[in-house]
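Residue numbers (our numbering), protein chains in the order written: chain A, 1 to 430; chain B, 431 to 918. Written below as structure tokens is the structure these notes are about.
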Amino acid sequence: MNVLDVLQDALGPDCVHEGAATELDGTWLTACFAPADAEALARGLSLIGKAAASVVVRGGGTRLALGNLPIDPALVLSTKRLAGVDTFDPDDGVVHAGAGTSIAEIQQTVRVGGGADDAGWELPMESASPHATLGGLIATAAVGPRVTAFGPPRDVVLGLEVALATGERTHCGGRVVKNVTGYDLGKLYTGSFGSLGVIEAAWLRLRPRPKCVSWWAAPIGDDDAADVLALAAARLSSTRAAIVANRSAARCLDLPVSPEGGRCLWLELAGAPAATERDAAWLTGELAAESSVDVSAEVHGFVEEPLGSRGIRARLAVRSTAVGRVSRALDLAGFGVVSHPGAGLIYANRVADSGGDMDSAELADAIVGVESVAAGEPGAALRFESLPTVAKRDRDVFVVDPVSAELSRDLKHRFDPKGVLNRGRAPGGV
Amino acid sequence: MSATHAEGSRAGGVLRSLEAALGRDACLTRPEDLFAYECDGLTLEAARPMAVVLPRRAEEVATVVRICAQADVPFVPRGAGTGLSGGARPLPGAVLIECSRMNRILEVDPDDRIAVVQPGVVNADLTKAVAHHGLFYAPDPSSQLACTIGGNVAENSGGPHTLKHGTTTNHVLAVEFVLPDGRLTRLGSDSGHAEGLDLRGVVVGSEGTLGIVTEVTVRLTPTPEGVETLLAIFPDVVSACRTVGRIITGGFVPAALEILDQRTIQAVEDSVYAAGLPRDAGAVLLIELDGPACDLPDQVAHVRAASDAEGADSVRVAADDVERAQFWMARKASFGAMGRLGPDLYVHDAVVPRKSLPEVMQKVCEIGDRYRLKLSNVFHAGDGNLHPNISFDRRDEDELSRVMNAGREILETCVAAGGVITGEHGVGVEKRDFMDLVFDADDLSAMHRLRDAFNPAGLCNPEKVLPTPRFCAEANPKARGYDRVPFE
């Protein structure tokens with residue numbers, strides 16, 4: 001019996017199907033296991049392990065391109081049916097939802113209810129796509145343009161329910177906002193790219209929804225003084241998003257570029273009326289900022305869209321004061337650059353000059369360009385978020401130090417001894 | 431050679447190696463020197479280590495760990511010893527690694543808002559050192575005048591301002607770390623966005639059982655532009671708790687929300703820390719708001735309205751820093767004031783969903799009454815983090831037994847309300863055997879897998895956090911000779 005038959009026999013015919021293919025770095029998967037609930041998920045994982053098969057875990061599929069080459073996956077494990085917001089507590093500002101729930105649905109649910117003037121709550125997580133799921137964002141530790149205020153998912157997750165590859169259903173953390181009961185396994189699973197367990201559901205901490213929101217844009221120069229101003233703007237008390245784009249990126253984003261050249265800064269201010277008004281006055285006074293539209297969707301799309309064989313995208317994480325300098329170095333190396341100064345994050349895109357597939361010389365030049373910029377910045381963290389398949393064959397897209405890689409492999413072996421989950425895809429090649 | 435003689439020979443060899451590596455002035459072996467290290471703040475749990483070493487550098491910590499690993503000797507890290515769950519309680523035959531000599535602030539970068547510190551730096555000293563840059567280190571446990579950053583990392587310490595500013599895990603960007611095999615490594619990154627598994631994240635709060643922190647890179651927070659501190663007096667604890675709920679849903683996050691009950695108020699007012707609180711008040715709610723000065727008037731108005739809606743007898747706003755300090759004095763002195771109520775104090779620590787506070791507080795008080803105990807309450811109401819405090823005399827065996835039984839019942843009550851057994855003190859030895867109130871066997875198995883990946887030989891701070899009897903097959907066979915002080 002193949003693994004699909006085993007799953008069907010044990011869990012019913014509606015949990016498996018052959019259909020629309022999922023393509024992953026040249027590997028095409030048409031078989032899909034979609035458990036109806038968490039119990040079926042756990043049982044299914046156990047059966048898959050016994051069948052010595054491996055799965056690629058998929059939520060909305062919006063970040064599947066991020067990761068190392070998969071090793072012999074047999075089927076997709078879809079979390080889409082593990083969906084739904086089952087608890088929203090507007091008095092405590094927490095929500096519990098299944099891993100397959102879209103971020104959009106959670107946002108809509110928590111907007112209403114609770115608070116003075118019905119201010120409501122917001123989930124401090126975001127995605128470029130309406131299909132992105134909670135489990136996927138947690139598993140990939142995804143951040144977006146509002147990372148300056150939201151922080152990463154590790155700061156939002158209060159508790160997780162996780163099905164291990166060995167079939168056990170476990171939980172860690174809980175619904176309370178302060179908790180040191182045992183090891184913080186939530187931190188381990190968040191950003192583990194589904195290599196240690198499959199998230200069933202999560203407890204999340206909400207933020208009060210701001211009463212006033214406005215967007216601002218300002219052209220800024222290409223020098224140190226401009227970097228200082230951009231960072232100061234990112235650190236205003238009501239800044240929720242701070243985005244700097246170079247000309248190349250702004251052109252790709254189809255966003256207005258200053259005729260003077262240089263870069264463009266976009267800021268979202270969000271908060272109480274008095275503070276946002278005061279910060280807006282600072283922006284107009286210090287930066288000659290003007291009112292703008294919300295550009296978060298365009299920017300987020302730019303840094304999430306898989307480039308396939310057309311080019312590469314790298315993400316560098318550096319100290320805040322280095323963002324400008326590193327961004328300019330990447331600009332000189334021919335990259336479209338989007339950065340979040342307050343968060344220390346830089347996204348660098350380079351696509352083929354021809355507009356088609358990147359040839360091997362261009363590809364090597366682009367990779368070396370990024371690596372040399374990263375090497376020149378002490379403490380920089382580097383990953384390749386989008387890389388042609390051919391370039392993934394001899395590298396780990398996540399640049400991880402040897403000791404951490406060794407610990408990761410050990411953890412992988414302990415949590416998933418048969419390599420059921422996302423074999424080969426996670427950092428360290430685990 | 432007898433087993434005892436072999437054991438003594440092995441211990442002697444370890445001690446000679448430690449002295450050779452660190453120098454005799456960094457190794458304590460005399461009983462009168464070891465006495466002070468037999469326990470941390472949980473004085474009910476004590477044991478004498480084989481030796482205490484005081485390294486000055488990360489390389490010395492690594493050397494000590496290698497010596498212990500090669501000799502199969504357990505080792506226990508310790509900061510200032512202010513922990514309240516026995517996390518730094520040694521074992522007989524173990525080496526205690528005390529990090530207080532590693533107390534330098536190595537770097538402060540005000541532009542990047544980070545600091546790099548050794549683990550022995552005192553929490554409050556870090557804030558003092560960066561204050562002139564308009565920055566502070568946000569996690570502020572009540573013991574911050576004594577506790578160390580390394581200890582804070584081990585326990586994921588919080589404090590009154592956790593509600594708005596988060597706990598230690600939200601402020602640690604990277605750690606330099608000695609693994610239990612003696613290798614020195616760095617986890618995390620200066621930006622806080624490291625690649626790979628969040629190993630930094632699992633180390634924070636691991637209670638010194640995965641390795642030893644030798645350097646910490648922390649995020650510094652800008653000093654708030656404006657601060658308002660209010661003191662609201664209530665006829666009872668329940669109305670104070672309900673006020674907390676109204677404040678939380680006000681569309682902003684207060685910096686701190688602390689409640690003291692009547693027994694605590696009276697203990698404080700009867701002590702040298704008297705703060706002028708009304709002795710007949712049922713409860714006091716301390717509220718701190720911080721942020722842009724222009725936002726604070728509306729927030730103050732909301733707090734007043736919330737307090738009035740729940741029947742507050744009065745609401746005062748601190749007129750200046752002197753009055754603000756006076757408001758906080760009662761809160762910060764409360765544990766010290768309880769010394770008048772009994773020679774021993776059991777400071778409990780549990781968390782419940784905030785909206786459950788009124789109901790749980792009533793049950794906690796009922797438990798205290800039923801067990802005929804002097805139970806008072808101080809708690810971080812904004813987080814749902816309770817601290818029922820029981821004053822007693824451990825020499826009274828019957829009272830001690832009632833204290834322990836009441837403690838278990840309090841934890842069961844909190845868990846039944848959707849809470850957990852510790853919000854900031856950690857599990858240590860104190861709550862190791864209560865972990866099954868929150869986690870089942872599979873949950874604990876997952877935690878064992880994590881611990882075993884870092885600490886396969888089980889020599890690093892053994893017998894903490896995870897219950898051992900249930901996992902006999904996985905229990906550390908090297909840790910032996912320890913006779914538990916019975917908890918009940």
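Where a beta carbon is used, it is the ideal one built from N, C-alpha and C, also for glycine. It should be emphasised that the depicted structure is a prediction, and the values quoted were computed from it without experimental measurement.
request  = Please state whether DSSP places Ala426/A in a helix, a strand or coil.
outcome  = coil
message = Using the Cβ count rule (16 or more neighbours within 10 Å means buried), how would you classify Gly115/A?
response = Confidence at Gly115/A is low in this model, with a pLDDT of 47, below 50, so the placement of that residue should be treated as unreliable; the coordinate-derived value is given next. It is buried - the Cβ of Gly115/A has at least 16 other Cβ atoms within 10 Å.
request  = Tell me, please, whether the region 193-206 of chain A touches the region 291-298 of chain A by the rule of three or more beta-carbon pairs shorter than 8 angstroms.
outcome  = no
key: Ser102/A, buried or exposed, once every other Cβ within 10 Å from all chains shown has been counted against 16   = buried
inquiry  = Please report the distance separating the alpha-carbon of Arg862/B from that of Lys894/B.
reply    = 6 angstroms
inquiry  = Any beta carbon from chain B within less than 9 angstroms of Tyr347/A's own beta carbon?
reply    = no
request  = Using the Cα positions of Asp738/B and Ser701/B, report the straight-line distance between them to the nearest angstrom.
outcome  = 30 angstroms
query = Just by C-beta distance, which residues in the region 806-817 of chain B are closer than 9 angstroms to chain A?
reply = His810, Gly812, Asp813, Gly814, Asn815
ask   = Taking the alpha-carbon positions, what's the Val503/B to Asp541/B distance?
value = 44 angstroms
Proximity winner among Arg709/B, Gly769/B, Ala705/B, relative to Gln696/B (alpha-carbon distances) = Arg709/B
6 angstroms Cβ shell around Gly511/B - same chain, five flanking residues per side excluded = Asp470, Ala518
inquiry  = Considering just the uninterrupted stretch of the alpha helix (DSSP H) at Pro273/A, what are its terminal residues?
reply    = 273-287
key: Distance between Val546/B and Arg146/A (C-alpha atoms, nearest Å)   = 27 angstroms
ask   = Straight-line CA distance for Pro654/B to Pro722/B?
value = 7 angstroms
query = Residues of chain B with CB under 9 angstroms from Cys172/A, in chain order?
reply = Phe869, Asp873, Ala876, Met877
8 angstroms contact criterion, which Phe398/A and Gly626/B should meet: CB distance rounded = 6 angstroms
ask   = Which whole runs of the beta strand (DSSP E) in the region 305-335 of chain A are 3 residues long or more, in chain order?
value = 311-317
message = Measuring straight from C-alpha to C-alpha, what distance separates Ala441/B and Tyr467/B?
response = 18 angstroms
inquiry  = Taking a contact to mean a Cβ-Cβ separation below 9 angstroms, would you say His591/B touches Arg649/B in this structure?
reply    = no
ask   = Just to confirm, are Gly853/B and Ala780/B a CB contact at a threshold of 9 angstroms?
value = yes
query = How would you label Ser360/A, buried or exposed, when you count the other beta carbons within 10 angstroms and need 16 or more for buried?
reply = exposed
message = Can you give me the C-alpha to C-alpha distance between Ile797/B and Glu528/B, rounded to a whole angstrom?
response = 38 angstroms
ask   = What are the residues that DSSP puts in a beta bridge with Phe664/B?
value = Ala713/B
message = To test your reading of the DSSP string, which unbroken beta strand (DSSP E) runs of 3 or more residues are found completely within the region 511-552 of chain B?
response = 525-528, 535-539, 544-547
query = Mind checking whether Glu268/A and Val213/A have CB atoms under 9 angstroms apart?
reply = yes
Segment contact flag, the region 763-773 of chain B with the region 820-827 of chain B, C-beta cutoff 8 angstroms, min 3 pairs = yes
query = Closest Cβ-Cβ distance between Arg310/A and chain B: below 9 angstroms?
reply = no
message = Less than 9 angstroms between the C-beta atoms of Val790/B and Leu609/B, yes or no?
response = no
key: Opening and closing residue of the beta strand (DSSP E) in which Val818/B lies   = Note on residue identity: the sequence assigns Pro, not Val, to residue 818/B. First-last of the beta strand (DSSP E) with Pro818/B: 818-822.
key: Amino acids of chain A, ordered along the chain, whose beta-carbon sits closer than 7 angstroms to that of Asn600/B   = Asp155
request  = Please report the residue range of the alpha helix (DSSP H) in which Lys392/A lies.
outcome  = 389-392
query = Do Gly100/A and Gly135/A come within 9 angstroms of each other at the CB atom, strictly closer than that value?
reply = yes
query = Applying a beta-carbon distance threshold of less than 8 angstroms, which residues of chain A neighbour Thr615/B?
reply = Asp401, Val403, Ser404
message = Just list the residues that DSSP pairs Trp28/A with in beta bridges.
response = Glu23/A
task = State yes or no: is the beta carbon of Thr898/B nearer than 9 angstroms to at least one beta carbon in chain A?
result = no
message = Less than 9 angstroms between CB atoms is the rule here; does Ile940/B satisfy it with respect to chain A?
response = This structure leaves residue 940/B out entirely; chain B is present only between 431 and 918.
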